[in-house]
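Enquirer: Numbering (my numbering), first residue to last: 1176 to 1598.
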Amino acid sequence: MKQTKDTKDENARKQAETGENYGFIKEERVPLAKWQKRRRYLRNALIVVAVAALFGVIARCSYGISDYVISHFFSDDPKEPVTLRPSPSVNVSPGGEIITDIDLKALENYEKIVQGVQDAVEALDPCMTRVSYVSRIKDPVFSDVTESVVDISGVIVAVNGDDYLILTQYDTYNETPHDRITVTFFGGRKAEGKIFRKAPEEGLVILAVNRKDFSSAEKNTIRAVPFGHSSELTLGSAVFAIGFPNGRGPSVDMGMVSSRAEKVYVTDGALEIIDTNMFGGRGESGILVDSAGKFVGFITNRYHNGGQSIQALSVDRFETLLNMLVNDMAYPRFGAVFRDINDEVLAQMSLQNGIIIEEIDEGSTAMKQEFRKGDIIVKLDSLPVTAVEEFFSIYTSYKRGEDIEVTFYRNGREMKKKWAVSY
1176 MKQTKDTKDE
1186 NARKQAETGE
1196 NYGFIKEERV
1206 PLAKWQKRRR
1216 YLRNALIVVA
1226 VAALFGVIAR
1236 CSYGISDYVI
1246 SHFFSDDPKE
1256 PVTLRPSPSV
1266 NVSPGGEIIT
1276 DIDLKALENY
1286 EKIVQGVQDA
1296 VEALDPCMTR
1306 VSYVSRIKDP
1316 VFSDVTESVV
1326 DISGVIVAVN
1336 GDDYLILTQY
1346 DTYNETPHDR
1356 ITVTFFGGRK
1366 AEGKIFRKAP
1376 EEGLVILAVN
1386 RKDFSSAEKN
1396 TIRAVPFGHS
1406 SELTLGSAVF
1416 AIGFPNGRGP
1426 SVDMGMVSSR
1436 AEKVYVTDGA
1446 LEIIDTNMFG
1456 GRGESGILVD
1466 SAGKFVGFIT
1476 NRYHNGGQSI
1486 QALSVDRFET
1496 LLNMLVNDMA
1506 YPRFGAVFRD
1516 INDEVLAQMS
1526 LQNGIIIEEI
1536 DEGSTAMKQE
1546 FRKGDIIVKL
1556 DSLPVTAVEE
1566 FFSIYTSYKR
1576 GEDIEVTFYR
1586 NGREMKKKWA
1596 VSY
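1. Of the residues E1407, F1493, G1422, R1423, which one's Cα is nearest the Cα of Q1465?
2. How many Å lie between R1372 and I1341 at the Cα?
3. I'd like to know if the segment 1318-1332 and the segment 1434-1451 are in contact, where contact means that at least 3 CB-CB pairs between them fall below 8 Å.
4. Can you tell me the Cα-Cα spacing of S1568 and T1359, whole angstroms?
5. Look up S1426 in the DSSP assignment and say whether it is helix, strand or coil.
6. If contacts are defined as beta-carbon pairs under 8 Å, then S1405 and D1450 qualify, I think. What distance do you get, rounded to the angstrom?
7. Closer than 7 Å by C-beta to E1459: which residues in its own chain qualify, once you throw out the five before and the five after it? Chain order, please.
8. Going by the DSSP bridge assignment, what does V1464 pair with across the sheet?
9. Where does Y1584 sit, in a helix, a strand or coil, going by DSSP?
10. I believe T1343 touches I1331 by the beta-carbon criterion, under 8 Å. Please report the beta-carbon distance rounded to the nearest angstrom.
11. Out of curiosity, what's the CA-to-CA distance linking S1390 and R1514?
12. Would L1382 and I1417 qualify as a contact pair, given that the criterion is a beta-carbon distance under 8 Å?
13. When the Cα atoms are used, what is the spatial distance from L1463 to L1379?
14. Determine the direct distance from the alpha carbon of I1370 to that of D1354, and round the result to whole angstroms.
15. Just to confirm, are G1430 and N1452 a CB contact at a threshold of 8 Å?
16. Cutting at 6 Å between CB atoms, please list the residues of its own chain near P1401, excluding the five before and the five after it.
17. Quick one: is M1303 buried, meaning 16 or more other Cβ sit within 10 Å of its Cβ, or exposed?
18. Decide yes or no for the touch test of the segment 1517-1525 against the segment 1487-1502: beta carbon pairs closer than 8 Å, at least 3 of them.
19. Compute the distance between the beta-carbons of V1296 and V1427, then report whether it is under 8 Å.
20. Along the chain, where does the beta strand (DSSP E) containing R1372 start, and where does it finish?
21. With a CB to CB cut of under 7 Å and the five nearest residues on each side skipped, what residues in its chain are close to D1556?
22. Fully enclosed by the segment 1512-1538, which alpha helix (DSSP H) runs are 4 residues long or longer?
23. Would T1347 be called buried (16 or more neighbouring beta carbons within 10 Å of its own) or exposed?
24. Does the Cβ of F1199 have 16 or more other Cβ atoms within 10 Å, making it buried, or fewer, making it exposed?
25. At which residues does the alpha helix (DSSP H) containing F1567 begin and terminate?
26. Rounded to the nearest angstrom, what separates E1283 and V1292 at their Cα positions?
27. Please name the residue, chosen from K1591, P1301, K1593, that lies closest to A1392 on a Cα-to-Cα basis.
28. Report the rounded CA-to-CA distance for D1338 versus I1312, giving the unit in angstroms.
29. Grab the span of the alpha helix (DSSP H) containing V1501 for me, first residue to last.
30. How many Å lie between V1461 and A1399 at the Cα?
31. Would you list, in sequence order, the uninterrupted beta strand (DSSP E) runs of no fewer than 3 residues that lie entirely inside the segment 1285-1318?
32. Name the residue from A1333, K1387, E1537 whose alpha carbon lies nearest to the alpha carbon of D1503.
33. Let me check understanding here. Comparing Cα to Cα, which of S1310, K1593, I1233, A1505 lies closest to K1543?
34. Return yes when the C-beta of A1333 is under 7 Å from any heavy atom of the ligand MG, and no when it is not.
35. Just to confirm the assignment, what range does the beta strand (DSSP E) spanning Y1440 have?
36. Per DSSP, L1379 is paired with what?
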């Protein structure tokens, strides 16, 4: 209630008469005793512990409830873990070494294979060469002369008197301008190489290097490559490539035969391509060697058709030609590209064997004797022709001037032509 002025005056008068002053209340802080402080601290600590315990209980209950709810109402049925392959058993030896049940014989066999490759490569090193096509280029402004070098692999296929005969790729030789050819042999010996024979259709060229200036030690070391039989290779046969199989060299690669069914038809003959699972590089060259360290394939990049695997010509398919080249033998050319005919088609034509002409070279014997595309040749004299490579083998065995009679079919009618072989 609000005091009036008269009321205030009356109160003041009474206080003055009694000597008391009610204008304010005086407070005084009384300090706590030590035992009181300890009790207060203890009480506060107990409160904190109790609150923490309470929160812990609440959190644990919440986690348990939420885990139950999620696992029973919001998740799929639990699935047993799937094991694709049993883990290898592991035993710990007293010395701390971990031993598994992996077949260590497989590792030993792999080491033997690698060692076998190394041994074979070392044994064939004296048979391999580096062929360098060197051209001199003159700067038109400063008149400086520099040399351009293109390297490719070569393999010694024969020693003919005083010459090493080296097989290498025809395409690189033909497409690379050069002033000279330098051949580097095992041990670093260099010598000039010259063209000995060429077989453009098959992609082969033979270089000759005179060895009269080679030392006796070099002549005893540098040798011709041993030939194997590519016909014995099957799918999965182990092979390795040496020379420049990756386009750089010298190098080596190891793999297996992935295919050997493809035939390439060339004038008067057929080549067989060996496909491998080894990755090739631009300008690859060299040879394929079987597990016995024998030459079974001549690496080529002529028939890749966009692929990147290393391919090689089957040695068995061109060995007859190679033998004539290294012996500098002339041989007749018929001048036609043939193709084999399968048994089903032959049966439809009532023929037992034969090959069909697909192309005729300009100015060739085939053209002069008026053969035509589509003619089916069945015999050379009395010898039946069952495959294109057989035709090449028979036809090239004739000497100059010898008569040959060719039996063939044209439009279902048997015909014969006879002439004297010339070349």
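Think of the CB as a built atom: it goes at the ideal place given N, C-alpha and C, for glycine as much as any other residue.
Expert: According to the data block:
1. Reading off the sequence, residue 1465 comes out as Asp, not Gln. Considering only alpha carbons, the answer is E1407.
2. 10 Å
3. no
4. 34 Å
5. strand
6. In fact, because the Cβ distance is near 12 Å, the residues do not count as touching under 8 Å.
7. F1419, P1420, N1421, G1422, I1474, N1476, I1485
8. F1415, F1470
9. strand
10. Rounded, the Cβ-Cβ distance is 10 Å, inconsistent with contact.
11. 49 Å
12. no
13. 16 Å
14. 13 Å
15. yes
16. K1469
17. buried
18. no
19. yes
20. 1369-1374
21. I1579, E1580
22. 1518-1523
23. buried
24. Low per-residue confidence applies at F1199: pLDDT is 46, beneath 50, and the placement is therefore not dependable enough to give any value.
25. 1563-1570
26. 14 Å
27. P1301
28. 30 Å
29. 1490-1501
30. For the sequence presented, residue 1461 should be read as Gly rather than Val. When rounded, the distance between both Cα atoms is 14 Å.
31. 1303-1313
32. A1333
33. K1593
34. Absence of the ligand MG is noted for the structure shown, with no ligands found whatsoever.
35. 1438-1441
36. Q1344, A1374
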